[in-house]
Each structure stands twice: as structure tokens, then as C-alpha cells.
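Under the working numbering, the letters of the sequence shown match residues 2 to 545, in that order.
The beta-carbon is built from N, C-alpha and C at its ideal position, and this holds for glycine as well.
Each remark here refers to the structure printed beneath this line.
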Amino acid sequence: EPHEIHLVSEMASAVSPVNQIKSCGACHDDPPELVDGYLTSEHGRALLLSGLADAPSCNDCHDSHRIVEVDDKRAPMSHEHSPEMCGECHSILLETWKVESAHGIAWEEGEEGPVCIDCHSSHAIQDPTAGPSRLHSPETCGECHEEFYTTFRDTFHGQASDLGFVTGATCADCHTPHSNMPASHSSSSVNPANLEETCGRCHEDEVNASFISFNPHSDPTSPEQDKAVFFVWLFMMTLLISVFAFFGIHDILWLQRSIVGKLRGEFNTTPFKDPRYIRRFSKVHMGVHLMVITTFLLLALTGLPLKFHGAPWAQVMVDMFGGIEVARFVHRLAAIGTFGYAAFHLAELFFRGFILGEKGMMWGPHSLVPQLKDIKDFLAYLRYFVYLGDRPAGDRWTYWEKFDYMAVFWGIMIIGFSGLMLWFPGFFTSFLPGWTLNAAHVVHSDEALLAVGFIFMFHFFHAPLRIETLPMDIVMFTGKMPIERFIEERPLEYQRLVETGELENYIVEGPTAAEKRKAYVIGAVGLITGITLAIIIIWTLLAH
Numbered sequence: 002e003p004h005e006i007h008l009v010s011e012m013a014s015a016v017s018p019v020n021q022i023k024s025c026g027a028c029h030d031d032p033p034e035l036v037d038g039y040l041t042s043e044h045g046r047a048l049l050l051s052g053l054a055d056a057p058s059c060n061d062c063h064d065s066h067r068i069v070e071v072d073d074k075r076a077p078m079s080h081e082h083s084p085e086m087c088g089e090c091h092s093i094l095l096e097t098w099k100v101e102s103a104h105g106i107a108w109e110e111g112e113e114g115p116v117c118i119d120c121h122s123s124h125a126i127q128d129p130t131a132g133p134s135r136l137h138s139p140e141t142c143g144e145c146h147e148e149f150y151t152t153f154r155d156t157f158h159g160q161a162s163d164l165g166f167v168t169g170a171t172c173a174d175c176h177t178p179h180s181n182m183p184a185s186h187s188s189s190s191v192n193p194a195n196l197e198e199t200c201g202r203c204h205e206d207e208v209n210a211s212f213i214s215f216n217p218h219s220d221p222t223s224p225e226q227d228k229a230v231f232f233v234w235l236f237m238m239t240l241l242i243s244v245f246a247f248f249g250i251h252d253i254l255w256l257q258r259s260i261v262g263k264l265r266g267e268f269n270t271t272p273f274k275d276p277r278y279i280r281r282f283s284k285v286h287m288g289v290h291l292m293v294i295t296t297f298l299l300l301a302l303t304g305l306p307l308k309f310h311g312a313p314w315a316q317v318m319v320d321m322f323g324g325i326e327v328a329r330f331v332h333r334l335a336a337i338g339t340f341g342y343a344a345f346h347l348a349e350l351f352f353r354g355f356i357l358g359e360k361g362m363m364w365g366p367h368s369l370v371p372q373l374k375d376i377k378d379f380l381a382y383l384r385y386f387v388y389l390g391d392r393p394a395g396d397r398w399t400y401w402e403k404f405d406y407m408a409v410f411w412g413i414m415i416i417g418f419s420g421l422m423l424w425f426p427g428f429f430t431s432f433l434p435g436w437t438l439n440a441a442h443v444v445h446s447d448e449a450l451l452a453v454g455f456i457f458m459f460h461f462f463h464a465p466l467r468i469e470t471l472p473m474d475i476v477m478f479t480g481k482m483p484i485e486r487f488i489e490e491r492p493l494e495y496q497r498l499v500e501t502g503e504l505e506n507y508i509v510e511g512p513t514a515a516e517k518r519k520a521y522v523i524g525a526v527g528l529i530t531g532i533t534l535a536i537i538i539i540w541t542l543l544a545h
């Protein structure tokens, strides 16, 4: 207002620090981030909320009467001058940055490189120690260091921070923000001589010589970077592709043969006339299986978001558990449950085999250990699938059930041990080299994908969703099977029970209506969850 001119030092002045925002914003409101960004910035909050009159406002950064375009070399905000402009308030940081940072040294020498406004922005400056700033910092650094950003994102630190793990290490934690020198420089925080101190800020009681040789930017697909980790990755990729290809072909052949068999009327579709049921699984075994389902689904739901941290659904799935911290806790709790049921099962086998003296625990028709007969059955089923033979007579266990069983043990050992290495890196690097942590990350991630994919695509097809037993096979949840179906599917076991006179010992009453409802509910929850995750995985892999 021409007749309301005040001294600049007066609060009522249109160009006082507080009123500058309204005065300048009257014209400079496009893009809106200019004003809105400042109002929500550290500078804006200090001025407007905390009442710090000396907090930077518009003319402190842009000058008052000598305002030029930001990209003009004369502008205080230009690449040439912005460090000095910011240094008027942040003088200690400026002096440190100029002599201890590769970025500052490059600026001093007139070279291109990031300056203050490149890392901190210009108007929306936020507290770099706050959660949102920490989580966003890798993207900021990645604008120049794209290769390192990619490798960082694919390690645990990057995956976790991508999902909101605020306390996880980001670029500035390891490289320091204003004293970042190349690793070859003696003062660099990532120089081998200084890594013990740098890593020890987070891993205080875990740091040792092997621990600090862990590569936080590992690229397992590069043989030049680390041959050992590369060969581990190559083995896991070969295993994953081989298993999926083998069972993919196997199940496609099975599916088409089942459809043809259904159309031909080869399977019994009429209600069973014999009311008798046979006990197939004990309550203990059903309980263990329920524990397997529960822990496996929890591990999948909390682990897959890390594997596919960049997918839009990953954060949603983590937020379902209340955030990455809770999901992390649930994942480890489910891992303990997995080790628990594995130990229980091994103890049961030992007790039955060595204490009770049961025969056939490790060999014979009652054993789940693969045998020569399983190879013969597999070849016979292949002939059946391509219409060159009859369906083989089933026994107590089929070859695919034995594969499922052995796969669980393989998975627990491989996923479990690699998971423990990532959980307790300090302990394992006390006797293992640091690259094994990089290898463990590869193994844990890829073996988990193999396990999840196999269970949700192939095991579901083999067990609860076979065409012969649609809509769902609930024997595992009730422990009981109609005797007519038992005779049809497992005639060899039935014949053996008859010959030994043990059949009556296994005859039980059929499941009640309530037991069936419970079985269908449990089965449906597991199937819907698993199939949904399988679809999400396939969609994400194809999109990637």
C-alpha cells in the first residue's frame, strides 16, 4: 500500500520476514510448491510457528533489489553461489563441506557436482534426521549415483527403508552427509580402516573383521564383483527355474489327463455308499500341519514385500501388519514357530523309531523317504498322463507327497539357516567371511520365492485342489477319508491292512458337519491367501 509504507525492520512492513511470504507469493504462486513448500519447510516453520525473526525468508536467499533468475550465474541460488548463501547461516557445515567432502572440493575447484540445494532442495527443506527425509535420501543420492542406488535398493538396508524402516541405514549413515569422501581416501567413513567405527554406529556389538567385509552394494548377478556370490545366485536361479519348469510340465500333463478322465467318467463322482471312514492322520499330525500353514502364510505375507519392495502392493501388505517394524517381528516369530514344529517332528520320529521301536520309519511303505519304487511310480504316471498306461496303484505315500515332505526339510534348512545369518550377522561372521552375508541374502530371498511359488502353485494342485477331489480335499483337516475313496486311491495300503488284520484299527466315524465346516473354512483361508499371493507374484514378475 503506497500510504502504509513501514521500515523493513518493522513487523507491519510488507517486506518484513513474516509478510514477505504473502507479498512474494502474490506473484510467485506457480508452481504452488514454491510457497507451500516453504511454509512446510524447516525455515518456514521456524519463522512462522516458532517466531524466529532471523529465520531465512525470501530475500535472505534471493536478495531484495538484485533478484535475477535462479539459473543465472549471478543469482545467490545458482550452483556457483548457493553454498556461500547457505553458509551465511550454516557456516560450520559449509567449512566442513568445502574441505572434507568430495562434493565440496569439486565445487571449490569449479567442477559440476551437487551443492546444498541439490540435496536439501530449495523451498521444501526438511530436517534431514526426520523419518521422511531419511527414507527419501536414497532417491536424492540416486539422481547422480544411479548404479549404487540400484544395488542399495536390492540389499536388506534398501528394501527395508523402501518400506518405511526409518532406523535402517541409508546413504548418509554410511557415507556421512558433509564429509563424504571416496572409499580410497583415508578420512572416508567407508574406507576399510574406518568401517568398524561406521558400521558400529548401528551394529555396536556385532562388528568384526569379517562383518565389515560385507558388501552393502552387492550385485549378485555380476561375476566380476564377487565370484562366490555370483555362483550362489546362479545356483539358486538354476534351481528355481528347474523346479518350476519340471513341475510346470508335470502338472500340465496331469491336468489335461484329469480333465479327460473326468469327462470319460473314470473317477467316482457319485456319493460314497459305504458310511465307514478310515483314519489317515492323527490329531498330532493335523496340528503340526496347521502350524505349518499358519507360519508359512505369515512368513510369506511379511517376507514377500521385502522381495518385491518396489511393487505398489508391498507397502500395502506391510501396513496391514502395522508397519515394517511389526511385520519384521511377526516374520521372526513365525520363523521361531517353523523351527519349533521342525524340532517337534524330528523328536517324534526319534521317539517312535528309537524309543518305541516302530519299524519302517526310514524305509518301506510307511516311510516318507524317497525310494526306488517312487521313481518307478513317477515313470508310470508319466505313461498314464500321455495315455500309454493305466493309473498306477497308490500306496501310503505317493512320490509327489514325498517330494513335498522333503522340500519342507530342504526349505527349513536353507531358508532357516540363511535367515539366521541375516538375523545374527555378528555371530556368524565371527567364523564365516563377510561375503556369506551377501550370499545368505540371495539364498534366503530366492529360496523363499521358490518355496512360496511351489506351495501356492504346485502343492495346491497336488493336494487340496486336484480335479478328482474338487471342490476341496479336506482329509488333512479332518484326518479322515471315506473308505471307498481310500480303496480307489490307495489300494496297495488297503490290501496290506486287510492282509495284516489291521484295517479295523483304522476304521472311524466320519467327520461331523461342524468338523467339515471348520475344515472348509481353514482350507479356504489358506487357499485364497496363497492363490492371491501367487497371482500377485506372477503379475509382479511379468511387469518387472
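Check: Counting only beta-carbon atoms, is Ser24 nearer than 8 Å to chain B?
Finding: Looking at the structure shown, chain B is missing, and only one protein chain is on hand.
Where Asn181 falls, given that 16 or more other Cβ within 10 Å makes a residue buried:
Taking all protein chains shown into account, Asn181 has 16 or more neighbouring C-beta atoms within 10 Å of its C-beta and is therefore buried.
Of the listed residues Leu49, Leu302, Val370 and Leu357, nearest to Tyr406 (C-alpha basis):
The shortest CA-to-CA distance from Tyr406 to any of Leu49, Leu302, Val370 and Leu357 is the one to Val370.
Count the C-beta pairs between the stretch 210 to 218 and the stretch 428 to 440 that are closer than 8 Å, then say yes if the count reaches three, no if not. The way I'd put it, the stretch 210 to 218 does touch the stretch 428 to 440; three or more beta-carbon pairs between them come closer than 8 Å.
Review point. Under the DSSP definition of a beta bridge, which residues are partnered with Tyr278?
Key: Pro483 and Val509.
**Request:** Report yes or no: do three or more beta-carbon pairs, one from the stretch 453 to 466 and one from the stretch 327 to 344, lie closer than 8 Å?
**Result:** Segments in contact, no.
Q.
Using the three-state DSSP reduction, which class does Arg392 fall into: helix, strand or coil?
A. Arg392: coil per DSSP, three-state reduction.
So, does the stretch 112 to 127 touch the stretch 21 to 32, judging by three or more C-beta pairs under 8 Å?
Touching, no.
- Using 10 angstroms around the beta-carbon of Phe231, count the other beta-carbons present and answer buried if the total reaches 16, otherwise exposed. It is buried - the Cβ of Phe231 has at least 16 other Cβ atoms within 10 Å.
The stretch 504 to 521 in contact with the stretch 306 to 318 per 3-pair CB rule at 8 Å:
No, the stretch 504 to 521 is not in contact with the stretch 306 to 318.
- Please name the residue in Lys228, Arg258 and Arg277 whose C-alpha comes closest to that of Phe268. It is Arg258 whose Cα lies nearest to the Cα of Phe268.
Q) Does DSSP put Asn209 in a helix, a strand or coil? A) Note: Asn209 maps to coil in three-state DSSP.
From Leu498 to His545, what does the alpha carbon distance come to, in whole angstroms?
Using only the alpha carbons, I get a separation of about 53 Å.
Local Cβ density within 10 Å of Gly527, reported as buried at 16 or more and exposed below that:
By the neighbour-count rule (16 or more Cβ atoms within 10 Å), Gly527 is buried.
### Task
Could you pull out every residue in the same chain whose Cβ sits closer than 8 Å to the Cβ of Asp274, ignoring the five residues on either side in sequence?
The amino acid occupying residue 274 in the given sequence is Lys; Asp does not appear at that position. Sequence-distant Cβ neighbours of Lys274 in its own chain, meaning closer than 8 Å and more than five residues away, are Glu485.
Practice item. Would you tell me roughly how many angstroms separate the C-alpha atoms of Phe222 and Phe404, rounded to the nearest one? Key: It is Thr, not Phe, that sits at residue 222 in the sequence shown. Using only the alpha carbons, I get a separation of about 29 Å.
Q: For Gly390, count neighbouring C-beta atoms within 10 Å of its own C-beta (all shown protein chains included) and say buried if the count is 16 or more, exposed if not.
A: Around the C-beta of Gly390, fewer than 16 other C-beta atoms lie within 10 Å, and the residue is accordingly described as exposed.
> By Cβ distance below 7 Å, which residues in the same chain neighbour Gly420 in space, the five residues on each side in sequence not counted?
Replying inline: Counting only Cβ-Cβ distances below 7 Å, and skipping sequence neighbours, we find Ala336 and His445.
Can you round the beta-carbon distance between Phe410 and Phe248 to whole angstroms, since I take them to be within the 8 Å contact cut? Not quite, the Cβ-Cβ distance comes to about 18 Å (not below 8 Å), so this is no contact.
> For Pro426 versus Phe282, is the C-beta spacing smaller than 8 Å?
Replying inline: Going by C-beta atoms, Pro426 is not nearer than 8 Å to Phe282.
**Prompt:** Considering only residues of the same chain and omitting the five flanking positions on each side of Arg154, which have a CB-CB separation below 6 Å?
**Reply:** Within its own chain, no residue has a Cβ closer than 6 Å to the Cβ of Arg154 once the five positions on either side in sequence are excluded.
Quick check on DSSP: helix, strand or coil for Gly201? Here Gly201 sits in helix by DSSP.
Between which residues of its own chain and Val287 is the CB-CB distance below 6 Å, once the five residues before and five after are set aside?
Val is not the amino acid found at residue 287; the sequence shown has Met there. Excluding its 5 nearest sequence neighbours in each direction, Met287 has C-beta neighbours in its own chain below 6 Å: Gly480, listed in chain order.
Handout entry: Pro57 versus Gln21: straight-line alpha-carbon distance, rounded
Key = Cα to Cα, the separation comes out at about 11 Å.
Buried or exposed by the 16-neighbour rule on C-beta atoms within 10 Å, applied to Thr303: The residue is buried, with at least 16 neighbouring Cβ atoms inside 10 Å.
**Prompt:** What are the start and end residues of each continuous alpha helix (DSSP H) run of 4 or more residues lying completely inside the stretch 436 to 481, in chain order?
**Reply:** Restricting attention to alpha helix (DSSP H) runs no shorter than 4 residues, the stretch 436 to 481 encloses them at 436 to 454 and 476 to 479, ordered along the chain.
* How about Gly338 and Thr399: are their beta carbons less than 8 Å apart? -> For the 8 Å CB-CB criterion, Gly338 and Thr399 do not form a contact.
Thinking just about the alpha-carbon of each residue, which of Pro133, Met237, Thr171 and Val387 is nearest to the one in Arg202?
Comparing Cα positions, the closest option is Thr171.
Checklist entry - With a CB to CB cut of under 6 Å and the five nearest residues on each side skipped, what residues in its chain are close to Phe429? => result Closer than 6 Å at the Cβ level, and outside the excluded window around Phe429, lie Met422.
| said: Within 10 Å of its beta-carbon, does Ser185 have 16 or more other beta-carbons around it, so buried, or fewer, so exposed? | reply: Classification for Ser185: exposed.
Next on the checklist: Taking the straight line between their C-alpha atoms, what separation do you get for Tyr495 and Gly365?
Outcome noted: Cα-Cα distance, rounded: 15 Å.
Margin query: Given this structure, state the Cα-to-Cα distance separating His442 from Asp220, to the nearest angstrom.
Written below: Approximately 11 Å, taken between the alpha carbons.
Beta-carbon separation of Trp255 and Phe345 under 8 Å?
Against a cut-off of 8 Å, the Cβ pair of Phe345 and Trp255 comes out as no contact.
Who are the Cβ neighbours of Glu225 in its own chain at under 8 Å, not counting the five residues just before and after it?
So the list is empty, once near-sequence residues are dropped.
Check: Is it right to say Leu347 is buried, meaning 16 or more other beta carbons lie within 10 angstroms of its own, or is it exposed?
Finding: The Cβ neighbour count for Leu347, taken over all protein chains shown within 10 Å, is under 16; the residue is labelled exposed.
With DSSP collapsed to three states, give me the class of Glu34. Under the three-state reduction of DSSP, Glu34 is assigned to helix.
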